[in-house]
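Comments concern the structure below.
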Amino acid sequence: DGGITQSPKYLFRKEGQNVTLSCEQNLNHDAMYWYRQDPGQGLRLIYYSQIVNDFQKGDIAEGYSVSREKKESFPLTVTSAQKNPTAFYLCASSIGLAGQQYFGPGTRLTVT
Amino acid sequence: AQKVTQAQTEISVVEKEDVTLDCVYETRDTTYYLFWYKQPPSGELVFLIRRNSFDEQNEISGRYSWNFQKSTSSFNFTITASQVVDSAVYFCALKTTGGGNKLTFGTGTQLKVEL
Chain A
81 DGGITQSPKY LFRKEGQNVT LSCEQNLNHD AMYWYRQDPG QGLRLIYYSQ IVNDFQKGDI
141 AEGYSVSREK KESFPLTVTS AQKNPTAFYL CASSIGLAGQ QYFGPGTRLT VT
Chain B
3 AQKVTQAQTE ISVVEKEDVT LDCVYETRDT TYYLFWYKQP PSGELVFLIR RNSFDEQNEI
63 SGRYSWNFQK STSSFNFTIT ASQVVDSAVY FCALKTTGGG NKLTFGTGTQ LKVEL
């Protein structure tokens, strides 16, 4: 089945630790995105990547880092510099930057 | 700057009632796209519709219909004869042609359909 997978679904970390969220797609999409969702709020863009080995900051990139070494994968690292990391993280992909975005199931990160 | 406003935070209806979810957007661009997504309790966003700024025709898909009015910058979503399975958070989003295909989301409307 074609789609986007994010693992794990729930993730727990201690404050001060870096954590990496996985996002894999087999849709052969060039562009990939990371969004953050907080309770009662819409999604906010963290980072996006148009092609392999290239990525751009979104609206709330501080405290996050990404890599795009393969077309299928776009992992997001939440660093200890992110002041409020507990949130629901959604990965998306699209054929090109103009294409419709398809979303993965999300990872709920809790940092205590 | 782009902005999407969904003034209705939560709506509760009884099954079989019709319900309209409001969406008002702001942009200075003349070319843009509007979207509606559904987020069920599982969390995944499900695409419902995309409409470009040059197409003001209303659209109907089964029990769903969308009313796009550029004059009022609105893109409202109506569910006819609502069902319990329609219970979810619904997001309206705006994309302009620049800015890396960034979707600007509204804050969402929680729809609860009860028996």
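Note that the protein sequences, when read in sequence, are chains A and B.
Note that the first sequence covers residues 81 to 192 in the numbering used here.
Note that the second sequence covers residues 3 to 117 in the numbering used here.
In this text, a Cβ means the ideal position worked out from N, Cα and C, and glycines have one as well.
Model, not experiment: these values are computed from the prediction.
TODO: Step through the CB atoms of chain A and report whether any lies within less than 7 Å of the CB of residue 96/B.
DONE: no
Open item on the list: Tell me whether the region 167-175 of chain A and the region 103-123 of chain A touch, counting them as touching only if at least three CB pairs, one residue from each stretch, are closer than 8 Å.
Closed with: yes
TODO: Give me the Cβ distance between residue 107/B and residue 123/A, rounded to the nearest whole Å; I'm assuming they're in contact under 8 Å.
DONE: 5 Å
Open item on the list: 7 Å is my cut-off, CB to CB: does residue 262/A come that close to chain B?
Closed with: The shown model of chain A, from 81 to 192, leaves out residue 262/A, and the question about it has no answer.
Task: Span separating the alpha-carbon of residue 151/A from that of residue 17/B - done: 44 Å
Open item on the list: Which residues in chain A have a C-beta closer than 8 Å to the C-beta of residue 64/B? List them in chain order.
Closed with: Within chain A, no residue comes near residue 64/B; the closest Cβ sits about 20 Å away, beyond 8 Å.
Open item on the list: According to DSSP, is residue 72/B part of a helix, a strand, or is it coil?
Closed with: helix
TODO: Indicate the three-state DSSP secondary structure (helix, strand or coil) for residue 87/B in the structure shown.
DONE: helix
Task: Close beta carbons around residue 89/A, own chain, < 8 Å, minus the five adjacent residues each side - done: 185, 186, 187, 188
- [ ] Determine, using beta-carbon pairs with one atom in the region 88-102 of chain B and one in the region 22-40 of chain B, whether at least three such pairs fall under 8 Å.
- [x] yes
Open item on the list: With distance defined between alpha-carbon atoms, name the residue in 153/A, 121/A, 97/A, 139/A nearest to residue 108/A.
Closed with: 153/A
TODO: Reducing DSSP to helix, strand and coil, say where residue 47/B ends up.
DONE: coil
Task: residue 30/B, enclosing beta strand (DSSP E) - first and last residue - done: Segment: none, residue 30/B is in no beta strand (DSSP E) and carries neither H nor E.
TODO: Please name the residues in the region 105-116 of chain A whose beta-carbon is closer than 9 Å to at least one beta-carbon of chain B, in chain order.
DONE: 111, 113, 115
- [ ] Using a threshold of 7 Å, state whether the C-beta atoms of residue 35/B and residue 54/B are closer than that.
- [x] yes
TODO: Please classify residue 98/A: does DSSP put it in a helix, a strand, or coil?
DONE: coil
Open item on the list: Using C-beta distances below 6 Å, list every residue in its chain close to residue 145/A, excluding the 5 sequence neighbours before and after it, in chain order.
Closed with: 157
Open item on the list: Looking at chain A, is there any beta carbon in it that lies within less than 7 Å of the beta carbon of residue 40/B?
Closed with: no
Task: Neighbouring residues, chain A, relative to residue 44/B (Cβ below 9 Å) - done: 185, 186
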